[in-house]
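2 protein chains.
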Amino acid sequence: MQALTIGKVAERVGVGVETVRFYERKGLIKPPRRGESGYRQYSEDLVARLRFIQRAKTLGFSLKEIGELLDIRHDPTTTCRDIQRRAEVKLSDVEEKIKGLRRMSKVLTKLIAECAGDGPTSACPILEALDVEGEKG
Amino acid sequence: MQALTIGKVAERVGVGVETVRFYERKGLIKPPRRGESGYRQYSEDLVARLRFIQRAKTLGFSLKEIGELLDIRHDPTTTCRDIQRRAEVKLSDVEEKIKGLRRMSKVLTKLIAECAGDGPTSACPILEALDVEGEKG
DNA sequence: CTTGACCCTGTACCTTGGTACAGGGTCTAT
DNA sequence: ATAGACCCTGTACCAAGGTACAGGGTCAAG
Chain A
3 MQALTIGKVA
13 ERVGVGVETV
23 RFYERKGLIK
33 PPRRGESGYR
43 QYSEDLVARL
53 RFIQRAKTLG
63 FSLKEIGELL
73 DIRHDPTTTC
83 RDIQRRAEVK
93 LSDVEEKIKG
103 LRRMSKVLTK
113 LIAECAGDGP
123 TSACPILEAL
133 DVEGEKG
Chain B
3 MQALTIGKVA
13 ERVGVGVETV
23 RFYERKGLIK
33 PPRRGESGYR
43 QYSEDLVARL
53 RFIQRAKTLG
63 FSLKEIGELL
73 DIRHDPTTTC
83 RDIQRRAEVK
93 LSDVEEKIKG
103 LRRMSKVLTK
113 LIAECAGDGP
123 TSACPILEAL
133 DVEGEKG
């Protein structure tokens, strides 16, 4: 298998070469071996790893969290359960956000309707949207 | 009602005084009146506004977006139609955010279900799923 | 009336997740 | 052998959203 240059890797994954080097600096990918010229030589594995990073990002994981996922994976003392728990934490974050946004959506919808109907408007009705937790769905 | 100092306000909301001043600079809260000494004098209203800002942040709104949300209200210079239009813009933002989060939720839920939790990380379906791109989804 | 906690302005710095040079060296096609 | 595309390191920069001084003034308790 041919070694890939950083440009090829970046192109395949759809990121800039700077981003690949940035991930290396951040420890998300390990420094690859170098050719005579000092050029980085990557294998296909790295492409997979980079895709993993991109995909995890879209699920709301920060680079730090992604780094942890990748570390866990290569740590023989951890189990699948560790990964699962992290996914669960992330899921509950996401569910919380959805709830809050639904409240916001309701208030905005109401605002639009009231406005159309010439209804009374409080000084700053939007503030009610996120009023104290649990104090009304 | 006693005027609140910036420290009292910050304490009540659970942010630093620097943050309150930062929001003032960013236009999220308006410059309050000042006492003889030049100290800022706040009313309870400001506490509510700051709490809104904090909650909206956890929902993924940027400070800029939060400023726009807070602007959706009646004042002498805005018409009902104005409010309606701005509320509609924000409503569609909110719906978009919900959609994105639901996609994340779905993927995470599926991954968590597929993972029995008892295997080694080397065979974790969550990690495997993150490896492949898209997987026809 | 002093001490310490608080406030003021202004500026510098931090983190996250990159992006953009500058000033080189290398590789490849012609 | 030379142009142009690529690679290298290093540093600076960007936006967002703060956080931390420095160097002052003020307020309230003992």
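Same order as they appear, the protein sequences are chains A and B. Each number in the numbering used here corresponds to the 1-based position in the first sequence with 2 added. Each number in the numbering used here corresponds to the 1-based position in the second sequence with 2 added. Here a beta-carbon is modelled for each residue, glycine too, at the ideal position from N, C-alpha and C. Predicted, not measured: the structure shown is a model, and the values here were computed from it.
DSSP beta-bridge partners for residue i?
i: residue 43 of chain B; result: B:35
i: residue 48 of chain B; result: Paired residues: none, contrary to the question.
i: residue 122 of chain B; result: A:81
In three-state DSSP terms, what is residue i?
i: residue 138 of chain B; result: Bear in mind that a pLDDT of 31 at residue 138 of chain B, under 50, signals an unreliable position, so the model cannot answer this.
i: residue 78 of chain A; result: coil
i: residue 61 of chain A; result: coil
i: residue 6 of chain B; result: strand
i: residue 117 of chain A; result: helix
i: residue 69 of chain A; result: helix
i: residue 28 of chain A; result: coil
i: residue 22 of chain A; result: helix
Does the distance from the CB of residue i to the CB of residue j come in under 8 angstroms?
i: residue 68 of chain A; j: residue 129 of chain B; result: no
i: residue 107 of chain B; j: residue 97 of chain A; result: yes
i: residue 131 of chain B; j: residue 110 of chain B; result: no
i: residue 65 of chain B; j: residue 32 of chain B; result: no
i: residue 73 of chain B; j: residue 81 of chain A; result: no
i: residue 30 of chain A; j: residue 55 of chain A; result: yes
i: residue 1 of chain B; j: residue 6 of chain B; result: The requested residue 1 of chain B is not part of the displayed model; chain B covers only 3 to 139.
For residue i, count the other beta carbons within 10 Å of its own beta carbon; 16 or more makes it buried, fewer makes it exposed. Which is it?
i: residue 71 of chain B; result: buried
i: residue 18 of chain A; result: exposed
i: residue 42 of chain A; result: buried
i: residue 34 of chain A; result: buried
i: residue 115 of chain A; result: exposed
i: residue 91 of chain A; result: exposed
i: residue 104 of chain B; result: exposed
i: residue 57 of chain B; result: buried
i: residue 40 of chain B; result: exposed
i: residue 59 of chain B; result: exposed
> Got a sec: which bits of the region 23-56 of chain B sit with their beta carbon under 8 angstroms from any beta carbon on chain A, in order along the chain?
Replying inline: Residues of the region 23-56 of chain B with a C-beta less than 8 angstroms from any C-beta of chain A: 50, 51, 53 and 54, listed in chain order.
> Going along the chain, which residues of the region 85-108 of chain B sit with their C-beta nearer than 8 angstroms to a C-beta in chain A?
Replying inline: Against chain A - using a Cβ distance shorter than 8 angstroms - the residues of the region 85-108 of chain B are 85, 86, 89, 90, 92, 93, 96, 97, 99, 100, 103, 104, 106 and 107.
> Just by C-beta distance, which residues in the region 55-74 of chain B are closer than 8 angstroms to chain A?
Replying inline: Hits within the stretch, in order: 57, 58, 60, 61, 62, 71, 72 and 74.
> Going along the region 106-129 of chain B in order, which residues come within less than 9 angstroms of chain A, judged by CB to CB distance?
Replying inline: Flagged, chain order: 106, 107, 109, 110, 111, 113, 114, 117, 118, 119, 120, 121, 122, 123, 124, 125, 126, 127, 128 and 129.
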